[in-house]
Amino acid sequence: MKLNSAGETAANTNMSAEACEDLVRIGEMAKKYGVTLRTLRFYEDKGLLNPQRDGSTRLYTRRDRARLKLILLGRKVGFSLRDVKQMMDLYDPTGSNTKQLKLALDKSEKQLARLQKQRALIDDAINELSGSMSAVRQMLTERSAPQASAAN
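Numbering (the working numbering), first residue to last: 24 to 175.
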């Protein structure tokens, strides 16, 4: 059995307190990032997040918070959860992460092309709808003008 000096015990206690301060409960996590508890549990089920457990309480680390930010960014720009997971799973804290960066760039280039195509289709739809609305306004104006004249 190893005995710690008072200084060592205090240092260990401080480190544990700092580590505990870094943990966030599920409710706080959901509120901070604007997601539901169900969403966080879903991401956990899919292997995207891995919170610590204290009994039935989920405690999220700084790593989980960073991963959630990446998940939300990926979803915002249209990546599937599978794509997000593939990119995050390649992360190696001790490596250069070249493979991860190349995959992220490749997927990003493809997604950007999809989004630009969608934008072009949306721009066409807006132009067609605007043209149709102008034609309908013109018809209404033409049909309202004789009635206004007849009323006088």
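Each residue gets a CB set at the ideal place from its N, CA and C atoms; glycine is no exception.
Query, Result
"Answer yes or no: do arginine 85 and aspartate 45 have a C-beta to C-beta separation smaller than 8 Å?", "yes"
"Go ahead and label proline 116 buried or exposed: buried means 16 or more other beta carbons lie within 10 angstroms of its beta carbon, across all protein chains shown.", "exposed"
"In terms of residue numbering, what span does the beta strand (DSSP E) encompassing leucine 63 cover?", "Not the beta strand (DSSP E): leucine 63 falls in the alpha helix (DSSP H), residues 60-68."
"Using 8 Å as the cut-off, can you tell me whether the segment 90-103 makes contact with the segment 67-74, which would need three or more C-beta pairs spanning the two stretches below that distance?", "yes"
"Please work out which residues of its chain come closer than 6 Å, Cβ to Cβ, to threonine 32, disregarding the five sequence neighbours upstream and downstream, and give them in chain order.", "With a pLDDT of only 39 at threonine 32, under the threshold of 50, the placement of this residue in the model should not be trusted, and no figure is reported."
"Looking at the secondary structure, which residues open and close the beta strand (DSSP E) in which aspartate 77 lies?", "75-77"
"By a C-beta neighbour count over all protein chains shown, 10 Å radius and 16 as the cutoff for buried, is leucine 63 buried or exposed?", "buried"
"Tell me, to the nearest whole angstrom, how far the beta carbon of tyrosine 83 is from that of valine 47; I am working on the premise that it is less than 8 Å.", "5 Å"
"I need the DSSP call for glutamate 31, collapsed to helix, strand or coil.", "A caution first: glutamate 31 carries a pLDDT of 42, below 50, which makes its placement in the model unreliable, though a value can still be read off. Here glutamate 31 sits in helix by DSSP."
"Quick check: what's the CA-CA separation for lysine 122 versus glycine 97?", "18 Å"
"Determine the DSSP secondary structure at valine 100, reduced to helix, strand or coil.", "coil"
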